[in-house]
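Enquirer:
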Amino acid sequence: MKKLILIFTGLILGSSVYAANVTDMNSKWICTTNASSSDVASEKAADDKLANTQASASNAFAAAAQNCRDCTKITCEVQD
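All the letters of the sequence shown, read from the start, carry residue numbers -19 to -1, 1 to 61 under mature numbering (1 follows the signal peptide of the UniProt record, and there is no 0).
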């Protein structure tokens, strides 16, 4: 019974250490789209800004959605 309690305690502690490593949703996110290339200067500038500007996850996603044009996918990644 003591071994079972010890194993259970180890699992709880191990999972709490794993859960402590959370992703910051407030900064360092870049979202891009798979929209086709554009010849329009403002659309090119928006694409470049998306690819190079870090923001909160929600702001980065909102910017990508706003500049989606003909995209079918938005990809967001946190930067180190």
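Note that beta-carbon positions come from the ideal geometry of N, C-alpha and C, so glycine has one too. For clarity, every value in this text was computed on a predicted model and none was experimentally measured.
1) Identify, in the order they occur along the chain, each residue of the same chain with its Cβ nearer than 7 Å to the Cβ of S39, setting aside the five sequence neighbours on each side.
2) Does DSSP put A26 in a helix, in a strand, or in coil?
3) I need the straight-line Cα distance from S19 to A27, nearest angstrom please.
4) Under 9 Å, do T4 and C49 count as touching if we go by C-beta distance?
5) Ignore the nearest five residues each way along the sequence and tell me which others in A41's own chain have a CB closer than 7 Å to its CB.
6) Consult DSSP for A16 and reduce its assignment to one of helix, strand or coil.
7) Using DSSP bridges, identify the partner residues of V3.
Expert: Taking the structure as given:
1) The residue given as residue 39 occupies position 58 in the sequence shown. Here the set comprises nothing.
2) The count along the sequence shown starts at 1 and reaches residue 26 at position 45. Helix.
3) Your numbering for residue 19 matches position 38 in the sequence shown. Your numbering for residue 27 matches position 46 in the sequence shown. If you take the alpha carbons of S19 and A27, they lie about 10 Å apart.
4) Here residue 4 is taken as the residue at index 23 of the sequence shown, counted from 1. Here residue 49 is taken as the residue at index 68 of the sequence shown, counted from 1. Not closer than 9 Å, so no.
5) As a first step, residue 41 must be located in the sequence shown, where it is residue number 60. Closer than 7 Å at the Cβ level, and outside the excluded window around A41, lie W10, I11, C12 and C57.
6) Mapped onto the sequence shown, residue 16 falls at position 35. Of the three classes helix, strand and coil, the one that applies to A16 here is coil, per DSSP.
7) Within the sequence shown, residue 3 is the residue found at index 22, counting from 1. Bridge partners of V3: none, in fact.
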